[in-house]
Amino acid sequence: MSLSGTGEPTDGLTPPALFPAPALFPAPGPDRVAPAPRRAAPPPPADPDDSARQLPFFAADAADPSLADLAGLLAGPGEVVRMGGTARLSVVVDAAWRVHVLVAELASRGVAATWEATADGRHAVRTSYARTLKPLAVAWLRGAAKRPPAGFHLNGRRLRLWLAAAGVAEPPGFLLRLGAADEECWEPVGGALAAVGLSGALLGPGDGGPAYRIAGRRRLARLAELVGDPPPAAPAEAWPGPA
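Structure, rendered in structure tokens:
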């Protein structure tokens, strides 16, 4: 069963039920004028005593979507593979609403995606093989192994994708799940979280992970600030809100 990047089923079947598909924003075509880029507001002066107030220009709505944002999926459990001069991104998610959100997010970046149910009741979301995804694969792959590139960083748009794919509310905090086979990614990804004010506790596989637990009023408020409002398909309890 597949779902196209336009949000319409490619075989006449419906996408996973429970939540309506959100509005999609197709990439500009020959008859479509691209919207003017939004200008991010300048950052306020740094406050060395309050890291949670720093870097608001990293928030999800600070710039238009780009293919570079897909690194947020790879920070979590997403995978990328190469084939010739192309690459494909995939991620397995545990809820139908995540399929709707990810397909819409990918479509807004001009990337077609399909999905199919897995044997364990989850959903595998995959992009088409595309030349535009090759730079992402080149940056993240060392042979067949996934590694964050030098200088990897997180921002609101990347965190939004990671949260949509693998963020789990675990009161009083949030878990950001990692790839089970990506142990060499965990530490640098944790460093990237800390750099945007989201220092988290790393949970190993025996403790309900692998995942980073984001906890504390200030950090949760920072997470909500960075990822922005919940997507239309996301349950309210599945998305961080303002403190």
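Be aware that the sequence shown starts at 1094, since it is given in the working numbering, and climbs by one per residue.
Ideal placement from N, C-alpha and C gives every residue a C-beta, glycine not left out.
Query                                                                                                                                                                       : Result
How would you call residue 1323, buried or exposed, if buried means at least 16 neighbouring beta carbons within 10 angstroms?                                              : buried
Let me make sure I understand the geometry here. Which of 1201, 1242, 1199, 1190 has the alpha-carbon closest to that of residue 1259?                                      : 1190
Check whether the Cβ atoms of residue 1271 and residue 1170 lie closer than 8 Å to each other.                                                                              : yes
For my contact list, residue 1186 and residue 1247 are in at a C-beta cut-off of 8 Å; report their separation, rounded to the angstrom.                                     : The Cβ separation is near 19 Å, so there is no contact.
Quick test of the definition: if touching needs 3 or more C-beta pairs under 8 Å, does the region 1199-1219 touch the region 1235-1242?                                     : no
For residue 1163 versus residue 1269, is the C-beta spacing smaller than 8 Å?                                                                                               : no
Provide the residue(s) that pair with residue 1239 in DSSP beta bridges, ordered along the chain.                                                                           : 1234
Quick one: Cα of residue 1331 to Cα of residue 1261, how far?                                                                                                               : 7 Å
Report the CB separation of residue 1267 from residue 1319 in whole angstroms; it is logged as a contact under 8 Å.                                                         : About 12 Å; that fails the 8 Å criterion.
To the nearest angstrom, report how far apart residue 1286 and residue 1293 are at their CA atoms.                                                                          : 7 Å
Assign residue 1301 to buried or exposed, taking buried as 16 or more other Cβ atoms, counted over all protein chains shown, within 10 Å of its Cβ.                         : exposed
Since residue 1332 is in the beta strand (DSSP E), which residue starts that stretch and which ends it?                                                                     : No beta strand (DSSP E) contains residue 1332, which DSSP labels as neither H nor E.
Enumerated in chain order, which unbroken segments of the beta strand (DSSP E) with a length of 3 residues or greater are wholly contained in the region 1240-1319?         : 1260-1263, 1266-1270, 1294-1296, 1304-1307
Take residue 1165 as the anchor and find which of 1298, 1255, 1176, 1184 has the nearest alpha-carbon.                                                                      : 1255
Using DSSP with H/G/I as helix, E/B as strand and the rest coil, what is residue 1191?                                                                                      : helix
Which residues in the same chain as residue 1211 place their Cβ atom closer than 8 Å to its Cβ, once the five residues preceding and following it in sequence are excluded? : 1185, 1217
Quick check on DSSP: helix, strand or coil for residue 1202?                                                                                                                : coil
Note the first and the last residue of the continuous alpha helix (DSSP H) segment covering residue 1182.                                                                   : It is not in any alpha helix (DSSP H) - residue 1182 instead sits in the beta strand (DSSP E) that spans 1179-1186.
Return the Cβ separation of residue 1175 and residue 1234 in integer angstroms, given the expectation that the two are a contact with Cβ distance under 8 Å.                : 7 Å
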